[in-house]
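Read the structure below first, then the notes.
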Amino acid sequence: MTSAPLPPEIEELIDVVLRAADLEFTDGRREVEQELRAHFEDGLAKGVSAETLIVRFGDPVEAGRRIARTRPGAAARNRGERRRWWMSGREWWDEVRRAARRLTRAPGFAAVVIVTLALGIGANTAIFTVLDAVLLKDLPYAEPDRLVRIHEGNPEDVGGEYLRVPLIVAWRGWDEVFDELGALYTYREMGADLTSGDRPERVHVLWVSAGYFEALGIAPHRGRTFTEDESYGPGEATGRTEPIAHTAVISHALWARIFEGSDDALGRTIELDGESYEVVGVMPRGFKNPFGTDSDVWLPYDMRLGGSNHYRNWFLSGVARLRDGVTLEQARERVRAIAEAHHDSEPETFGAYPRLLPLHQEVVGPTRARMLWILAGAAGMVLLTACLNVTNLLVARGLSRDRDLALRSALGSGRARLVVGILAENGLLAVAGGAAGLALGVFGVKALVALAPGVVPMVTEIRMGGAVFGFTTAVTIGALLLFGMTPALRMSRTAPAEVLRSGDRTSTTGRASRRVRDGLVIAQVGVALALVAGAALFTRSFSSLVNLPLGLDPEGVLTFEVHLPEARYPDGAARHAFHEQLHDRIAALPAVDEVGAVSWLPVKGRYHSWGFYWDPENPDGSNDDAWYGTDVRVVAGDYLAAMGIDLLSGVGLGEVDLDAEPMVWINRTVVDEVFGEDEALGQQIVLAGDTRRVMGIVDDVAHDSRGSTTRKSYVPHAQFAGDRNWALTQTVRARGDLGQLTEQIRTELGRIDGQLVLFEPRTADALLSSVREQDRFAALLMACFAGLALVLSLVGTYGVLAGSVAARSREIGIRMALGASTQEIRGMVLRYAARLVVPGTILGLAGAWVGAGWIRALLFEVDARDPLSLSATVLLFLVIGLASAWLPARRATRVDTVEVLTAE
Amino acid sequence: MTLEREWMRGAAPLAVLTLLERREMYGYELVEALERDSGGLLAMGQSTVYPLLYNLEAKGHVEAVTRAAPSGRKRKYYRATAAGRKWLEAQRSQWATLVAAMTSLGIAADGDEA
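So the protein lines, in turn, are chains A and B. For the first sequence, the tail end lands on 897 under my numbering, and the numbers increase by one without skipping. For the second sequence, the tail end lands on 115 under my numbering, and the numbers increase by one without skipping.
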């Protein structure tokens, strides 16, 4: 039934007639509509203008009413008709349909608005969802507000993250502060080979004290947790490797995997590194440790005094649940008071007290929190530019719709009706933009988590934040409605006839709107510039990180772990023999250049901070001032060569006779800070109970992604294998495909011992990028946000300039007729562009300057007000401003003078 | 010159029916014919033509049939019915009587209207 579309004002007129004729739900409506359409089609076909046809048609409302009186069915209904002040659902629907029709006639406008909204809403929904999950959501434990992490504080400030067993034993008795206090062994990541199943598998193990699960307030899914006796007593500790009780609590996942979720798992035994443990409990699905890695198995830690559990051994982490009703502040005061009394009776505490930190804060960490807030701020700024842009588009559309609105007003649409029409139009845009934004947000969250899993801790599942989406959408729709209404409201102040007659858009309201649009663009440029400046800083910071010399060469290096079960490798000799054999086999592979092993890889943080003694005058260790802290690394094979760490002087690890005497290699920092002018090579130091000769000086290697270094000493595994069962990480430098190499090594390992697992193979490059993950995440996201804002502001600037040129084509035509050169015309447009971009740039610079204080802490080797970044950004904006003015300027110079002047 | 509303109300149905008595027409044709044949005097607001047609149709004075116009588009053609012609006849004599009365009163001049 539908025929070719008519001009919108005629469609509008027909709608008014039909509405007044009150023919809804009758055949008559279609009949009348077709006839009216035919009327106008005939008129247009005869060359009569739409406006003439409309004028000749007369009052559409009156026509409709007369038609109503003549139609039999409608007449009766119509006789009692009175004007309603509300709109029926049907009428609303009509308005929406009409709005949709108007929008499909302006597809470019609609698309730009919807895409802009979608980008703003999508970016915000994604980043705020992550923010909500990481920073705002409670930890998944009972009453998480009462949970604290305990560090050791003491007057001499020697304590830190790690705690001493005797103190934990004392502190857990402080009932007036703590309900429960649990300790966990996070000093290093623990694993064990689980050999109960068909093939050996490596599982994550965590030693915990009794009270650990209770402090977190999570009951086991099946069975029980650890009893007091399984951890605290009676008797004395025998040694670290000897478990106090052979019981285990296992994760839900492991339970499902090896026991298929069966209830009779309780009481069964599992084999870990050749030792049997009875399964006494299963934790609920999704239970995670508050820090450290996830665990498959928890074993009870021997907390009895004796053995290595003494006052001079810091190695445990603590979590506690504060007593109900005790605030953090009260708890902090009380523990100081109790600690003082405690110190009086136990001088070896060194006055230590439990330093209480909210667990949530500990889990998230201050830098990560700050980074996420900054990213959220950036996303908010993207939303702001999006809103500014949409507003701008709406104002521009409002200008071009003045005539349309005037016409509708002349056709009898009341002010309310006009407002409703625009409301419907903007509502449609908002719904479409919101839906697209939601889709983009869902995708964005997935992308963020995939991009940086390590940045998003403690999150079992991130769900779309309903509140976040609602908030973002509300802001956008609010802006849309607020600014979208202005054309309709302005219309109500203007006489329709005046607008219709004037023919051009040079009214005073037009000029005011243009000022509004200019202001919006200036703001937009400002916001975008601040974002781009931020992104430039983050990018520079990240590139300094990536280019930072860390003291090693990760290219072509494969790392993996092999853990030797105590049962089959009971002593140092056996373990050393294994490593020699493994290294020989790997070295024989054709692609391999170097092979070695180390107790702790570079950039993974500080570890094993011990002390060494050096005083040639008093070699007996009597000089208390001659003790120096150093991080100790146990190394095997030619680790230094495999990792690409430079030997500065002396002999390499692979070139010495390890049977000759106890040896040590030290790094440059030790030389600089301890030996100074003295010759370090050949000196003897006391380390880990042995007097060792310094065989070589090694270059510094960073222990974090920011290139921090510390004193470091390297001890050969051959001379130290008996100290403990070192979990060495193998390092292999090779050519070619490392994945293929991994398989070859797996085969070789199987030939030595078929029960051993090649654990966590990865490249040194992957290790580096994982420690740089947070910085990369921040830089990448900032760049994305800045790019978005940049594009949006470019679109905004271009839109305003193009609109202005179109609106002033008459003026430009006159100027050119009066002899203005194309250069002058181009200059006019460019000057206008400058009036937008220059204040915007100044605004943005001011913003960047103010924001610098915020992001300083996250930047590496780049000043937050880095002149290079800022000036590059300004330059970029000036160039982009010029570029966006180029097309409109060119169009201005091609205005056809004759055509423009004879147009009206 | 324009006619007052009341005159128009009386004259318009007669004019429309007279035109449709000669030949069938569709809406826009009729609008054009009215304007042309009445010297513009009966170029009423077109919005009133359609209600008028519907009114005549409802009274049974005209009937409509939809078919393709010479342009190929579908149009609703109106023509006078037998009842319509009869009514028109009665109206004509009434008009003649009225005009005669007016003329004798000197309101309407005989045959030399400017």
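Here a beta-carbon is modelled for each residue, glycine too, at the ideal position from N, C-alpha and C.
Item: Buried or exposed by the 16-neighbour rule on C-beta atoms within 10 Å, applied to A:His303; Value: exposed
Item: Integer-rounded CB distance, given that A:Gly789 should sit under 8 Å from A:Asn385; Value: 5 Å
Item: Closer than 9 Å at the beta carbon, the chain A residues around B:Gly28; Value: Glu28, Leu29, Ala31, His32 and Asp35
Item: Cβ of B:Tyr79 within 8 Å of any chain A Cβ; Value: no
Item: CB contact flag (A:Val198, A:Leu259, <8 Å); Value: no
Item: Separation of A:Ala43 from B:Met26, as counted between CA atoms; Value: 23 Å
Item: Through-space distance from A:Gly643 to A:Leu674, alpha-carbon basis; Value: 7 Å
Item: Outcome for A:Glu28 when other beta-carbon atoms lying within 10 angstroms are tallied against a minimum of 16; Value: buried
Item: Per-residue DSSP class, three states only, for A:Ile678; Value: strand
Item: Which of helix, strand or coil DSSP assigns to A:Asn306; Value: coil
Item: Enclosing beta strand (DSSP E) for A:Glu173 [first to last residue]; Value: Phe171 to Leu177
Item: Local conformation of A:Phe605 per DSSP, three classes; Value: strand
Item: Contact under 8 Å by Cβ, A:Leu160 with A:Ala345; Value: yes
Item: Among A:Asp577, A:Ser592 and A:Ala526, nearest to A:Glu554 - alpha-carbon criterion; Value: A:Ser592
Item: CB contact below 8 Å: A:Ile3 versus chain B; Value: no
Item: For A:Asp693, three-class secondary structure by DSSP; Value: coil
Item: Proximity below 8 Å, CB of A:Thr378 to CB of A:Ala782; Value: yes
Item: Beta-carbon contacts of A:Arg808 that lie in its chain and below 7 Å, excluding the five residues immediately before and after; Value: Ile818
Item: Beta carbon of A:Ser802 nearer than 8 Å to that of A:Val888; Value: yes
Item: Proximity test, Cβ basis, 8 Å: A:Gly40 and chain B; Value: no
Item: Interface flag, B:Pro120 vs chain A, CB-CB below 8 Å; Value: In this structure chain B extends from 2 to 115, so residue 120 of chain B is not present and cannot be described.
Item: Test item: CB-CB of A:Gly549 and A:Ala727 under 8 Å; Value: yes
Item: Nearest-angstrom beta carbon gap, A:Ala334 and A:Val919 [assumed within contact, 8 Å]; Value: This structure gives no information on residue 919 of chain A, because the portion of chain A shown stretches from -6 to 897.
Item: Residues from the stretch 69 to 97 of chain B in contact with chain A, defined by Cβ distance under 8 Å; Value: Ser72, Arg74, Lys75, Arg76 and Lys77
Item: Within chain A, partners of B:Ser48 - CB distance below 7 Å; Value: Phe50, Gly51, Asp52, Pro53, Glu55 and Ala56
Item: Pairwise C-alpha distance: A:Asp665 and A:Arg599; Value: 19 Å
Item: Residues bridged to A:Ser642 [DSSP beta-bridge criterion]; Value: A:Ile690
Item: Beta-carbon contacts of A:His710 that lie in its chain and below 6 Å, excluding the five residues immediately before and after; Value: Val627 and Ala629
Item: Nearest to A:Phe33 (by Cα), restricted to the options B:Tyr51, B:Leu57, B:Lys87 and B:Ala109; Value: B:Tyr51
Item: Backbone secondary structure at A:Asn660 - three-state DSSP; Value: strand
Item: Closest Cα partner of A:Glu136 within the set A:Glu223, A:Gly318 and A:Leu6; Value: A:Gly318
Item: Minimum Cβ-Cβ distance from A:Ile60 to chain B less than 8 Å; Value: yes
Item: Bounding residues of the beta strand (DSSP E) (the contiguous stretch that carries A:Ile263); Value: Thr262 to Leu265
Item: Rounded C-alpha distance that separates A:Arg77 from A:Gly279; Value: For A:Arg77, the predicted structure reports a pLDDT of 48, less than 50, and the residue's modelled location is therefore unreliable. A value from the coordinates is still provided. Taking the straight line joining both Cα atoms gives about 59 Å.
Item: Residues bridged to A:Gly216 [DSSP beta-bridge criterion]; Value: A:Gly274
Item: Close Cβ partners of A:Val750 (< 6 Å) along its chain, the five nearest in sequence each way excluded; Value: Asp186, Pro193 and Arg195
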